[in-house]
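The opening residue of the sequence shown carries number 233 in the numbering used here; numbering runs sequentially from there. Written out below as structure tokens is the structure these notes cover.
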Amino acid sequence: MKQHKSRELLDEFRALLAGRNSFLDAILPPLVFLLLNSFISFQVAMWGSLVLFVIFALIRLYKKQSLLYALGGVGNVLLAMAVVWYFGKSESFFIPGLVSGGFTVLLTSLSLIIRRPMMAWTSYLARRWPLDWYWHPQIRPAYSEVTFAWGLFFAAKFLLQLSLFQDANTDMLAMSTLITGWPATTLLLILTYLYGTWRLGNLGGPSVDEFRNGDPAPWKSQQRGF
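Have a look at this one:
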């Protein structure tokens, strides 16, 4: 059972990281910029991240895949560079992240208030399962609960980085951005998947196929994917 779940997680992350819509294109250029700017110089960081974007773009063009995520990554870098140039302070690099972080907390909270949890929307965009399935009374609680957990994470991250930004603590800002970025996100994604699939089975709602076919209860529930 554990081996089956491990393989299932591996397959899910392989699709997430290496599929046609891989968002590594969006993650790596800002990460490279942050590291090079912290340890070498702003100019090296600028050119390093832009070169990485060009490499991603060429790979996507060669494979005839979408440039959406690559453009998103370089867009984040260019915006951060523009803010640093405008304010003339290295900690200004983190302003776009703080703004987007605050907006994410607000959006997460709003989605819970209107009973349309944000994690259901992200799953829908990735998997294209029937949208109405997510709002089923024996499905939605699972997505509401994981959305609440992600909301707590986003809020804690935002408050920590806001405090460090106010103290102009660039080194700790960089460190917190790295730790709460890909490492923390990976861990949360794993926990979300494990809890979410368990919770769907516990709720006893219909699987996606059962929902599409209009099958009556009792249902087998969604066995894989969240």
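Each residue gets a CB set at the ideal place from its N, CA and C atoms; glycine is no exception.
Status (buried if at least 16 other CB within 10 Å, exposed otherwise) for residue i
| i | result |
| --- | --- |
| Ile411 | exposed |
| Phe286 | Reading off the sequence shown, one finds Val at residue 286, where the question assumed Phe. Looking at its Cβ environment, which holds fewer than 16 other Cβ atoms inside 10 Å, Val286 is exposed. |
| Leu432 | buried |
| Phe325 | buried |
| Ile371 | buried |
| Ser355 | buried |
| Trp430 | exposed |
Simplified DSSP assignment, three categories, for residue i
| i | result |
| --- | --- |
| Ile272 | coil |
| Pro415 | helix |
| Lys389 | helix |
| Phe288 | helix |
| Asn434 | helix |
| Gln455 | coil |
| Gly320 | coil |
| Pro450 | coil |
| Ala400 | coil |
Residue i: first and last residue of the uninterrupted alpha helix (DSSP H) it sits in
| i | result |
| --- | --- |
| Asp441 | Val440 to Asn445 |
Pick from the options that is closest to residue i, judged by C-alpha positions
| i | options | result |
| --- | --- | --- |
| Gly334 | Leu419, Ala388 and Gly437 | Ala388 |
| Ser270 | Gly383, Leu338 and Lys321 | Lys321 |
| Gln454 | Gly436, Asp447 and Phe319 | Gly436 |
| Glu377 | Leu396, Leu266, Leu290 and Gly428 | Gly428 |
| Leu426 | Tyr375, Leu310, Ile346 and Val315 | Tyr375 |
Chain D contact for residue i (CB, 7 Å cutoff)
| i | result |
| --- | --- |
| Leu344 | Protein chain content of the structure displayed is limited to a single chain, and chain D is not contained in it. |
**Asked** Can you list, in chain order, the stretches of the alpha helix (DSSP H) that have 4 or more residues and sit fully within the stretch 329 to 386?
**Response** 350 to 359 and 363 to 366
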